[in-house]
Structures are given as C-alpha cells and as structure tokens.
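Residue 156 in this note's numbering is what sits at position 115 of the sequence shown, and the numbering runs on without skipping anything.
Glycine included, each C-beta is placed from N, C-alpha and C at the ideal position.
Quick notes on the structure that follows.
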Amino acid sequence: MTVLALDASEWQGRLSKQHFEFAYALGVRLYIAQLWGSGPTGNGPNDHAEAQLTYAAQAGLKLAGYIWVPPDSVAQTDALYQSAAQAAGALKDSLCFIAPDLEGGRLHPTSPANRLNDLCMNIENDGFPVVIYNRKNNWATVMGPNVTEFSRYPLWEARYALSSGYRPETAPDIDWNWNKYGGWQQRAILQYAGTAPVNGWAADWNVLAPERLGFELAPRGGRLIP
C-alpha cells in the first residue's frame with residue numbers, strides 16, 4: 042500500500058482549508074510542510090507553516106515537516122532546529138516525522154556528517170522520527186564521498202518523472218527508476234513531481250510506502266489538532 046503526499050514551502054503562502062480539501066479529493070493523505078528554508082524574504086522559518094498545517098489537518102490530512110539544512114562552518118544545529126520547530130506552532134505535536142532536507146552545497150567544510158548527526162539528534166531528542174530527504178546526484182556534494190551511516194534512517198528521494206511543473210496522472214511505483222546509493226537499499230518516499238498542479242495551486246508530489254518507514258505514521262502527540 043502507498044500513500045500520496047504533498048510538500049510545499051513558504052512560497053505557496055498561507056493557503057486555505059479549501060486548497061487542502063482539493064488535495065484530499067485527489068487522494069492525498071499527508072502534507073509535509075517546510076519548517077525552515079527558502080522563502081520570499083530569504084532563508085529562515087516558514088512564516089506560514091502553522092497556518093498550512095492547520096488547514097491540512099482540518100481537511101483530514103496527516104502532517105509532517107522538513108528542514109532545509111544550510112551549509113555552515115559549525116556543526117551545531119540547536120538554533121536551526123528550535124527555529125524550525127517553533128514555526129509549526131500549535132501543530133508541532135501533530136507531526137508524524139521531521140525530515141532534514143539535504144540539497145545544495147557541502148553541509149560543513151570538514152565534518153558534514155557531524156552537522157547532519159547533530160540535527161538528527163535534535164529531532165530525535167524532541168521525540169520525532171527522522172526521514173532523510175535528498176537526491177542521488179547531490180548526495181556526495183552535500184555529504185562528501187562514501188557516506189553511508191545515514192542509511193539507518195528512511196530515505197525520501199527526489200527523482201522527477203517529468204519536468205518541474207508537470208506530474209503524471211498516476212504516481213509511479215515506489216521503486217521506479219531506483220538506484221542504490223548512500224547505503225540505502227530502498228526508498229520510503231519518492232518525490233516524483235515538483236511544483237506541479239494540485240487543483241488551483243501547486244506543490245511537490247510524493248508517493249510513500251508506510252511499511253518502509255520503520256515507524257507508525259502517527260502524530261507525536263497521538264492526535265491531530267483541528
């Protein structure tokens with residue numbers, strides 16, 4: 042069994058309950074909100090994260106979040122994590138997992154693994170499961186060569202079936218065009234379309250195999266906050 046999921050960022054704005062009701066009608070059952078990353082005013086917490094999560098929950102979707110991890114010369118991520126977690130507001134306990142988003146340049150000049158480990162520790166110490174988001178052709182750039190230790194976490198891989206802005210009518214199989222890397226033997230989530238139409242708005246489209254997560258897709262607090 043697989044689940045359709047959407048992820049979006051501050052660029053999409055506050056959105057509305059109706060936007061997520063459209064998504065639910067199309068079969069989407071999970072919304073993954075940007076908690077920290079790029080937005081109209083630069084890099085930082087998503088000012089619309091709490092509103093987006095609230096409307097998604099009201100439409101019946103489960104919730105999760107992601108944090109873009111910017112390159113830095115320090116390995117500590119406490120301030121980054123706290124800023125991201127605060128962006129979820131009252132919906133924080135409704136998140137099923139939090140994903141470090143790894144794309145762009147090398148996380149740390151000499152110790153990228155230490156920086157990522159620190160963020161994963163912050164997420165887990167706060168009671169959330171970790172899922173790693175990245176794409177195969179950027180993994181070595183972000184983390185350096187031959188890094189496999191993070192395969193202990195489920196993989197959320199970006200690999201588009203069509204050009205950005207378009208999506209296939211039917212989601213690909215979870216193993217579509219899969220090639221092993223980073224120690225991972227399989228992916229748990231496939232992001233197969235970027236900034237593609239939902240119904241009056243656009244988001245990234247994903248297909249998720251819950252049994253590959255290694256944890257129950259349930260809110261940390263045990264319930265969704267309406």
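- Less than 7 Å divides the Cβ of Y107 from the Cβ of D142.
- Linking N158 to A66 through their CA atoms gives a straight-line distance of about 38 Å.
- A contact is defined here as three or more CB-CB pairs under 8 Å, and the segment 180 to 196 meets this definition with respect to the segment 210 to 223.
- D214 sits in coil when the DSSP states are folded into three classes, being neither helix nor strand.
- Cβ-Cβ distances below 8 Å link L160 to I108, V110, T118, L121, Y122 and P141 in the same chain, with the five nearest sequence neighbours on each side left out; the list follows chain order.
- Assignment of beta-bridge partners to V171 by DSSP yields I139.
- Note on geometry: alpha-carbon atoms of Q75 and D88 lie some 10 Å from one another.
- The C-alpha of T151 is placed about 44 Å away from the C-alpha of G68.
- Proximity to G241 across A46, L56 and Q227 peaks at L56, based on C-alpha coordinates.
- Per DSSP, reduced to three states, the secondary structure at N87 is coil, with no helix or strand assignment.
- Secondary structure of P251 (DSSP, three-state): helix.
- The criterion of a C-beta distance shorter than 7 Å is not satisfied by W246 and R193.
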